[in-house]
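With full-length UniProt numbering, you'll find the sequence shown wraps up at 411, consecutive numbering, no jumps. Glycine included, every Cβ here is placed at the ideal spot set by N, Cα and C. Bear in mind the structure is a predicted one, so any value in this text is a computation, not a measurement. Scroll down for the structure; my scribbles are underneath it.
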Amino acid sequence: MTTPQFQLLPLRAAVASDQPTTLDVLVKIIPPVPETRPQRPPLNLGLVIDRSGSMQGAKMEVARQAACFAVEQLLPSDRLSVTIFDDRVECPVPSTLVRDKATIIRTIQGIHSRGSTALHDGWVQGGIQVSQHLNPAHLNRVILLSDGLANVGETNPDAIAQHVHGLAQRGVSTSTMGIGEDYGEDLLEAMARSGAGSFYHIERTEQLAAIFQAELQGLMGTLGQTVSLGIEPKQGVVVVEVLNDFEQTPYGRYKLPNLVVGNSIEVVVRLKVPPLAESADLCQFRLAWDQPQQRQRQVLKTALRLPVVSTAQLADFPLNEEVQQQVALLMAARARQEAIQQMDRGNYDQALHVLQNVRDQVACMPASPMMQQEVQALSDLEEKMQRRDYKSSRKQALYEKHYRQRSRKDL
1 MTTPQFQLLP LRAAVASDQP TTLDVLVKII PPVPETRPQR PPLNLGLVID RSGSMQGAKM
61 EVARQAACFA VEQLLPSDRL SVTIFDDRVE CPVPSTLVRD KATIIRTIQG IHSRGSTALH
121 DGWVQGGIQV SQHLNPAHLN RVILLSDGLA NVGETNPDAI AQHVHGLAQR GVSTSTMGIG
181 EDYGEDLLEA MARSGAGSFY HIERTEQLAA IFQAELQGLM GTLGQTVSLG IEPKQGVVVV
241 EVLNDFEQTP YGRYKLPNLV VGNSIEVVVR LKVPPLAESA DLCQFRLAWD QPQQRQRQVL
301 KTALRLPVVS TAQLADFPLN EEVQQQVALL MAARARQEAI QQMDRGNYDQ ALHVLQNVRD
361 QVACMPASPM MQQEVQALSD LEEKMQRRDY KSSRKQALYE KHYRQRSRKD L
């Protein structure tokens, strides 16, 4: 693996000498594109599939198809387990090397729906299957697929998220996929966030195969794991906030998504810079990650240094449109969170007003395909709310918020 690009893009390329400057800085991390297709690390996957009664029919059929698709993409050096759950938990495919795909696929095709939803117990068994063959040089992940609410066994979202976080700390991440309108989106989103994985809202069953493909491609293109960003301000500079929704390590560093080929990571940091007499380093940034099959942690450092000018001269430095757009996307994600809170209080008109306001603000940004996509996504969300489709609106809003704040662009 060659070194990622580690770029710092300030909203304006200068700070003031005669008054404090509030400055948004886009930290952009671009994973390298290998010159030749590298040999990827082996995968160690645990598929956990809800087989409760509500999965009957098309949902169960599509889940089987998606799981079989996953099997077809794996190599003989990869490991796979399949756990199914209703009010009971079974493991029809204990963790095994994927050398006999036909037998695994036949077993998956025999899965049928029934019973209640012991979601936590199912996830635990999936985690056990992966953990039994845990290898730091491999990519170890549980993928949970459900269409319902946890109603058997442990059902407390905070407790479940804490368990997921603990497993992630040991090297096994968790991604979650919610199907339809009845699953508990707060729980599945919290599990993915705590588990260093991805959360997917699957509104229509025909989306499931493509989402499984995206999840697997992301795993197969992973170049770095346990990625963190450290921010060390200098010269009296204060870090006001990070606009993304990243958890922090015990050392105060921000936990970033994996380094994946083709997926840049964008983090917006808001700084308060005091008046300065001369140019100096304002902030040092430290990027660190674990590279599969490398024992030593990889580290890159870079510093932000800008010219110092009078306040009157700041206007001579144009606003960076890319930074403007990223700030707008993250503020729109926050607006979605506010809309969710208003919906939870029954203030549906206020929730709609919040979305309309932020949509108007995004529409005023410099034109780009990304801004057009965001305006369309917000408009679609407004239309759902106007139809009083609040369950679906809430799920869509949470899903889009999660992806924007986790530095993903593909809604």
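Proximal residues to residue i (C-beta, below 7 Å), its chain only, five neighbours per side dropped
i	result
Gln396	His201, Leu381, Lys384
Met220	Arg40
Gly53	Ser113, Arg114, Gly115
Arg64	Ile108, Gln109, Ile111
Tyr348	Met385, Tyr390
Phe317	Arg12, Ala13, Ala14
Through-space distance from residue j to residue i, alpha-carbon basis
i	j	result
Met60	Leu145	10 Å
Gln132	Thr83	14 Å
Glu154	Glu247	24 Å
Leu229	Arg295	19 Å
Arg141	Asp281	40 Å
Met343	Gly166	31 Å
Leu314	Leu306	12 Å
Pro369	Val89	45 Å
Ala190	Pro157	8 Å
Val358	Cys91	46 Å
Gln350	Leu188	26 Å
Leu329	Ala192	21 Å
Ala277	Val308	7 Å
Ser393	Glu322	29 Å
Arg106	Asn244	43 Å
Lys28	Gln7	5 Å
Arg297	Tyr254	16 Å
Ala58	Ala210	16 Å
Ala14	Thr96	57 Å
Glu374	Ala367	11 Å
Gln73	His163	29 Å
Thr302	Leu287	9 Å
Ser279	Gln235	10 Å
Leu149	Pro34	42 Å
Ala67	Phe212	8 Å
According to DSSP, residues forming a beta bridge with residue i
i	result
Phe212	According to DSSP, Phe212 bridges with nothing at all.
Asn44	Arg79, Asn140
Cys283	Pro233, Leu304
Val269	Val25, Val242
Lys174	Looking at the sequence itself, residue 174 is Thr, so the reference to Lys does not match. Answer by DSSP bridge pairing, in chain order: Val142.
Thr103	According to DSSP, which records beta bridges pairwise, Thr103 is partnered with nothing at all.
Asn263	Val260
Leu9	Leu26
Leu97	Arg79
Glu90	Ile84
Local Cβ density within 10 Å of residue i, reported as buried at 16 or more and exposed below that
i	result
Ser310	exposed
Met325	In the sequence as displayed, the identity of residue 325 is Gln instead of Met. Looking at its Cβ environment, which holds 16 or more other Cβ atoms inside 10 Å, Gln325 is buried.
Pro31	buried
Leu26	buried
Leu75	exposed
Thr3	exposed
Arg204	exposed
Cys364	exposed
His353	exposed
Arg170	exposed
Asn263	buried
Asp389	exposed
Pro10	buried
Gly180	buried
Tyr403	buried
Thr249	exposed
Tyr251	exposed
residue 415	This structure does not reach residue 415, given that the chain is present from 1 up to 411, and the question cannot be answered.
Asn135	exposed
Nonlocal neighbours in the same chain, by C-beta distance under 6 Å from residue i, ignoring five residues either side
i	result
Ser173	Arg141, Gly195, Ala196, Gly197
Pro42	Ser77, Asp78, His138
Gly122	Val48, Thr83, Phe85, Val89
Gln207	none
Gln225	Asn258, Asp290
Gly46	Ser81, Gly126, Gln129, Val130, Val142
Arg99	Pro76
Gln405	Asn244, Asp245, Ala333
Val93	Ser81, Val82, Ile104, Thr107
Contacts around residue i, its chain only, beta-carbon distance under 8 Å, and the 5 residues preceding and following it disregarded
i	result
Arg51	Met60, Ile84, Phe85, Asp86, Ile111, His112, Ser113, Arg114, Gly115
Gln356	Glu382
Asp18	Pro275, Ser310, Thr311
Ser379	Arg359
Asn320	Leu9, Pro10, Leu11, Arg12, Ala13, Leu26
Leu300	Thr3, Pro4, Phe6, Arg286, Leu287, Ala288
* Using 8 Å as the threshold, is the segment 332 to 346 in touch with the segment 11 to 22, meaning 3 or more CB pairs across them? -> Touching, no, given that fewer than three Cβ pairs across the two stretches are closer than 8 Å.
* To do: For the segment 337 to 352 and the segment 397 to 404, state whether three or more C-beta atom pairs, one from each stretch, are separated by less than 8 Å.
  => The segment 337 to 352 vs the segment 397 to 404: in contact.
* Asked: Is it a yes or a no for the segment 266 to 279 touching the segment 229 to 240, going by three-plus beta-carbon pairs under 8 Å?
  -> Output reads yes: the segment 229 to 240 touches the segment 266 to 279.
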